[in-house]
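Undergrad: Next up is a structure, given as structure tokens.
There are 2 protein chains.
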Amino acid sequence: MHAEIGNPDGGKSIYAVIMAGGKGTRFWPRSRERMPKHLLDIVGTRTIIQETLARLSPLIPPDRTLVVTGASHAEELMRQLPEVPPDNILIEPMGRNTAPCIGLAALAVNRRSPGAVMAVLPADHLIRDEARFLHVLAAAVRVADREAALVTIGIAPTGPETGYGYLENGEPAGTVTGETVYRVRSIREKPDRPQAESFLRQGNFSWNSGMFVWQAPVILDHIARHLPDIYRALREIDVAWGTPRESDVLRDAYAAMTPISIDYGIMEKARDVLLIKGDFGWSDVGSWDALWEVSPRDAAGNAVRSGAHFVGVEARNSFVFSPKKLVALVDVEDLIVVETEDALLICRRGASQDVKKVVNLLAEGPGRAYL
Amino acid sequence: MHAEIGNPDGGKSIYAVIMAGGKGTRFWPRSRERMPKHLLDIVGTRTIIQETLARLSPLIPPDRTLVVTGASHAEELMRQLPEVPPDNILIEPMGRNTAPCIGLAALAVNRRSPGAVMAVLPADHLIRDEARFLHVLAAAVRVADREAALVTIGIAPTGPETGYGYLENGEPAGTVTGETVYRVRSIREKPDRPQAESFLRQGNFSWNSGMFVWQAPVILDHIARHLPDIYRALREIDVAWGTPRESDVLRDAYAAMTPISIDYGIMEKARDVLLIKGDFGWSDVGSWDALWEVSPRDAAGNAVRSGAHFVGVEARNSFVFSPKKLVALVDVEDLIVVETEDALLICRRGASQDVKKVVNLLAEGPGRAYL
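Those sequence lines, one after another, are chains S and E.
Using this note's numbering, the final residue of the first sequence is 436, and nothing's skipped along the way.
Using this note's numbering, the final residue of the second sequence is 436, and nothing's skipped along the way.
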């Protein structure tokens, strides 16, 4: 299969851009300001970004993979991804949401290989079926290689989630290597519950996975048209790139940019948005609850990662992470238990969105050392 | 008040005997085979046995306090009780329940001061009102000093507990320093629930606190009559005491003794059992649940001992012990959370009797290091 998808017929270079800008509050106390989710091994023995890189590599090798991250995570990221050349790590001077991040990456790709196709991928998602993923991504690359379109990968919704954007597709526009390509009719950011339920009933809505494929000049054109201020800042950066002024200009240009997501800034306004549906076991593992859902569980429903022993007495449907200690649960259920060197979280399963309340309380008070 | 009670009029010496033979499974993971409950600071800054000694000292000083313990705990016990002369630590070669333990202590007391009164006290109970306790104990000492009786201290039951023995009292037999002395009509070991409820309705039942006061020769006489085999073993020990054969004889004699409690072996059979009721805020703190009950709690009902910060978000009625880590509870209630160097217990409040199931599972399997 790799032979089929590894070399799309357009002949343009293909780059991957991994967006690694996560702040990491939702997996506190494991994720910290200096150690966001994608740098953690929360789902396996490799970290999430290591999984992301490895998953891509049959289609796009590490030397054509760029990673965009913040200064405080760059060193750890380089340590975790030795296969990625240091020059491929793009360091944003500050977070400005995804539109500036993708614009910066598009500049970098275009300088390396003018007109190249770039696949934009979040650093911190989980994908169970890697072969299916590669097949879908290769199809999206092939479409983007041929057409000056914005190609999105949508996920079949498994429930009326209100935390995701939704892509509404029209009729099929064609087929590429067996994958149906749809034209996107509308993009709906984070709906309320009745809306989300209505989307599911209608059947032609996908979750926006945040994975996009396009030619670098195509997205830069869209930025120029829809986000002219950001485009101007990107032009300044492009001019200074490789000169002694580079880091000063980057910092000033970033400071001047309005933070905006690629979804609000571009996708909702653009025509020529295409969609391929991805059925590869996707999860954004956005919370401890989501991690329990995707984790292997024992007969009692417990997902346990303990460095020592685990003893459950009438213990059910709980998530346990404790790298060194014996953990005993007695007559409890639906708990999330996470122990680190300096902190212990115990949260009701289903309430893990409230972990950010803990983080907020710590930020206000004398608990900054735990962020 | 101390002047009144400090020197009962009988003139006999008074000794305290602290029974420190606990095995410590109910406070796992804090209590361990080598560190039973009475050696832990679970209720304050001092350990429970340190509290016990300090509480007694206005009435009976440490140099007239004997402590009976096992070999594996003796060193730590001496470290915790430097005021107690090492000669006052009696080391049982093995546990044989309370009758042999009390018999051994009675020998020791009688050798030091023939005919002395001894107050037998468990090492691991909690008493809130120390002044009341001393007053009641002094009254019991005064009664035992005058009469060749077995004097017990009973606790007014606060519920139909099935884990305690009950003392049924008859009519008052007199008054000593304001305390009413009752004759005990019967002793009922650990009743079932309907029996316990019936005891409470009848109103003339007290919990057996395990605190006894008597003259050393009186209890030895009772042992001779009701437990002749144990008496014979004690005689052998007495003869060998202070000779090179002492430790061999002690070991062999103990090995030969039938394990039996003073309650089953003596108290249930004896006449002349008297009772003084103790209303001094007693608890045997026999479980994590009991410890939550007696612990200071915040407005949300949480009893927290954390070395770092505690953050509760919708967290209620829980017990937390974590000496070094920040602990965050999110949307949980009625939990017992206990973290030690090598283990983490999370138990539903109300189920802490099942902690011993964890200990049993560890004993069967590869978890012996955690016992």
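Yeah, the Cβ is synthetic: ideal placement off N, Cα and C, and Gly gets one too.
Quick check: what's the CA-CA separation for residue 66(S) versus residue 407(E)?
TA: The count along the first sequence starts at 1 and reaches residue 66(S) at position 1. The count along the second sequence starts at 1 and reaches residue 407(E) at position 342. In this predicted model, residue 66(S) has a pLDDT of only 27, less than 50, meaning its place in the structure is not dependable; the value taken from the coordinates is given anyway. Taking the straight line joining both Cα atoms gives about 49 Å.
Undergrad: Residues in the same chain with beta-carbon distance under 8 Å from residue 120(S), minus the five sequence neighbours each way, listed in chain order, please.
TA: Mapped onto the first sequence, residue 120(S) falls at position 55. So the list reads 192, 195, 198 and 199, once near-sequence residues are dropped.
Undergrad: Tell me whether residue 13(E) is buried or exposed, calling it buried when 16 or more other Cβ atoms sit within 10 Å of its Cβ.
TA: Since the first residue shown for chain E is 66 and the last is 436, residue 13(E) is missing from the structure and cannot be characterised.
Undergrad: Using the three-state DSSP reduction, which class does residue 107(S) fall into: helix, strand or coil?
TA: What you label residue 107(S) is simply residue 42 of the first sequence in a count that begins at 1. The answer is coil: DSSP assigns residue 107(S) none of H, G, I, E or B.
Undergrad: Whole beta strand (DSSP E) runs in the stretch 258 to 331 of chain E with 3 or more residues, listed along the chain?
TA: 270 to 280, all fully within the stretch 258 to 331 of chain E.
Undergrad: When DSSP labels each residue in this structure, what does residue 229(S) get in the three-state scheme?
TA: Locating residue 229(S) in the first sequence gives position 164, counting from the first residue. Coil at residue 229(S), not helix or strand.
Undergrad: List, in chain order, every chain S residue whose beta-carbon is nearer than 9 Å to that of residue 455(E).
TA: The question about residue 455(E) has no answer here: the residues shown for chain E are numbered 66 through 436.
Undergrad: Look up residue 413(E) in the DSSP assignment and give the residues it is bridged to.
TA: Within the second sequence, residue 413(E) is the residue found at index 348, counting from 1. Residue 413(E) is bridged to 400(E).
Undergrad: Consult DSSP for residue 70(E) and reduce its assignment to one of helix, strand or coil.
TA: Start at 1 with the first residue of the second sequence, and residue 70(E) comes out as number 5. Residue placement at residue 70(E) is flagged as unreliable, the pLDDT there being 34, under the threshold of 50; a coordinate-derived value is accordingly withheld.
Undergrad: Output, in chain order, the set of chain S residues within a Cβ distance shorter than 9 Å of residue 352(E).
TA: Numbered from its first residue, the second sequence carries residue 352(E) at position 287. Result: empty, since nearest Cβ-Cβ is about 12 Å, beyond 9 Å.
Undergrad: Where does the unbroken alpha helix (DSSP H) through residue 387(S) begin, and where does it stop?
TA: Against the first sequence, residue 387(S) aligns to sequence position 322. Run containing residue 387(S): none in the alpha helix (DSSP H); it sits in the beta strand (DSSP E), 384 to 387.
Undergrad: Put residue 378(S) into one of helix, strand or coil per three-state DSSP.
TA: Within the first sequence, the letter at position 313 stands for residue 378(S). If DSSP states are grouped into helix, strand and coil, residue 378(S) belongs with the strands.
Undergrad: Please name the residue in 386(E), 118(E) and 344(E) whose C-alpha comes closest to that of residue 244(E).
TA: Against the second sequence, residue 244(E) aligns to sequence position 179. Selected option, being the one with the closest Cα: 344(E).
Undergrad: Just to make sure I have the definition right: I need the residues of chain S whose C-beta is within less than 8 Å of the C-beta of residue 387(E). Which are they?
TA: Counting from one through the second sequence, the residue named residue 387(E) turns up at place 322. By Cβ distance, chain S contributes 409.
Undergrad: Output, in chain order, the set of chain E residues within a Cβ distance shorter than 9 Å of residue 305(S).
TA: Position 240 of the first sequence, counted from the start, is the residue given in the question as residue 305(S). Those within 9 Å of residue 305(S) in chain E number zero; the least Cβ separation is about 44 Å.
Undergrad: Please compile the residues from chain E whose C-beta is within a distance smaller than 7 Å of the C-beta of residue 404(S).
TA: By 1-based counting over the first sequence, the position of residue 404(S) is 339. Here the neighbours are 409.
Undergrad: Is the shortest distance between the beta-carbon of residue 66(S) and the beta-carbons of chain E less than 7 Å?
TA: Position 1 of the first sequence, counted from the start, is the residue given in the question as residue 66(S). Residue confidence is low: residue 66(S) scores 27 on pLDDT, short of 50, so the model does not pin down where it sits. Its coordinate-derived value is still stated next. Taking Cβ atoms only, chain E never reaches closer than 7 Å to residue 66(S), which makes this a no.
Undergrad: To the nearest angstrom, how far is the alpha carbon of residue 368(E) from that of residue 399(S)?
TA: The residue you call residue 368(E) lines up with position 303 of the second sequence. The residue you call residue 399(S) lines up with position 334 of the first sequence. Cα to Cα, residue 368(E) sits roughly 22 Å from residue 399(S).
Undergrad: For the stretch 165 to 225 of chain S, list the alpha helix (DSSP H) runs that are entirely contained and at least 4 residues long, ordered along the chain.
TA: Here the runs fully enclosed are 195 to 211.
Undergrad: Residue 114(S): which of 125(S), 124(S), 123(S) and 102(S) sits nearest, CA to CA?
TA: If you number the first sequence from 1, residue 114(S) lands on position 49. Taking only the C-alpha atoms, the option nearest residue 114(S) is 102(S).
Undergrad: Quick one: Cα of residue 226(E) to Cα of residue 104(E), how far?
TA: To locate residue 226(E), count along the second sequence from 1; it is residue 161. To locate residue 104(E), count along the second sequence from 1; it is residue 39. For residue 226(E) and residue 104(E), the distance between alpha carbons rounds to 26 Å.
Undergrad: Does the Cβ-Cβ distance between residue 391(E) and residue 373(E) come in under 7 Å?
TA: For the purposes of this step, residue 391(E) is taken as residue 326 along the second sequence, with counting starting at 1. For the purposes of this step, residue 373(E) is taken as residue 308 along the second sequence, with counting starting at 1. Yes, the pair counts as a contact, with Cβ atoms nearer than the cut-off.
Undergrad: Secondary structure at residue 244(E), three-state DSSP: helix, strand or coil?
TA: Position 179 of the second sequence, counted from the start, is the residue given in the question as residue 244(E). Correct three-state label for residue 244(E): strand.
Undergrad: Whose CA, out of 235(E), 131(E) and 207(E), lies closest to the CA of residue 280(E)?
TA: Against the second sequence, residue 280(E) aligns to sequence position 215. Closest by alpha carbon: 207(E).
Undergrad: Leaving out the 5 sequence neighbours to the left and right, which residues in its chain are closer than 7 Å to residue 143(S) when beta-carbon positions are compared?
TA: If you number the first sequence from 1, residue 143(S) lands on position 78. For residue 143(S), where only same-chain residues beyond five positions count, the Cβ hits under 7 Å are 151 and 154.
Undergrad: Could you name the residues of the same chain whose beta carbon sits closer than 7 Å to that of residue 235(S), not counting the 5 residues immediately before and after it, in chain order?
TA: Your numbering for residue 235(S) matches position 170 in the first sequence. Around residue 235(S): 247, 248 and 250.
Undergrad: Which residue comes first and which comes last in the beta strand (DSSP E) that contains residue 341(E)?
TA: Within the second sequence, residue 341(E) is the residue found at index 276, counting from 1. Where residue 341(E) is concerned, the enclosing beta strand (DSSP E) stretches over 338 to 343.
Undergrad: Are the CB atoms of residue 86(E) and residue 160(E) nearer to each other than 7 Å?
TA: Position 21 of the second sequence, counted from the start, is the residue given in the question as residue 86(E). Position 95 of the second sequence, counted from the start, is the residue given in the question as residue 160(E). In this structure, residue 160(E) lies closer than 7 Å to residue 86(E) by Cβ.
Undergrad: Within 10 angstroms of the Cβ of residue 91(S), are there 16 or more other Cβ atoms? Answer buried if so, exposed if not.
TA: Within the first sequence, residue 91(S) is the residue found at index 26, counting from 1. Buried: at least 16 other Cβ atoms inside 10 Å.
Undergrad: Name the residue from 371(E), 183(E), 240(E) and 141(E) whose alpha carbon lies nearest to the alpha carbon of residue 341(E).
TA: Taking the second sequence and counting its residues from 1, one reaches residue 341(E) at position 276. Cα-wise, what sits closest to residue 341(E) is 240(E).
Undergrad: To which residues does DSSP link residue 79(E) through a beta bridge?
TA: Indexing the second sequence from 1 puts residue 79(E) at position 14. In the DSSP output, where bridge partners are listed per residue, residue 79(E) has 182(E).
Undergrad: Mapping DSSP to helix, strand and coil, what is residue 353(S)?
TA: As a first step, residue 353(S) must be located in the first sequence, where it is residue number 288. Correct three-state label for residue 353(S): helix.
Undergrad: Any heavy atom of the ligand PLP closer than 6 Å to the Cβ of residue 330(E)?
TA: Inclusion of the ligand PLP in the displayed structure is not the case, the ligand content being empty and no account of it being possible.
Undergrad: Which residues of chain S have a Cβ atom closer than 8 Å to the Cβ of residue 431(E), listed in chain order?
TA: Counting from one through the second sequence, the residue named residue 431(E) turns up at place 366. Within 8 Å Cβ-Cβ: 374.
Undergrad: Which of helix, strand or coil does DSSP assign to residue 155(E)?
TA: Here residue 155(E) is taken as the residue at index 90 of the second sequence, counted from 1. In this structure, residue 155(E) counts as strand in the three-state DSSP scheme.
Undergrad: Only counting the same chain, and skipping five residues up and downstream in sequence, which positions put a Cβ closer than 7 Å to that of residue 346(E)?
TA: Walking along the second sequence from the start, residue 346(E) turns up at place 281. Result list for residue 346(E): 192, 193 and 194, in chain order.
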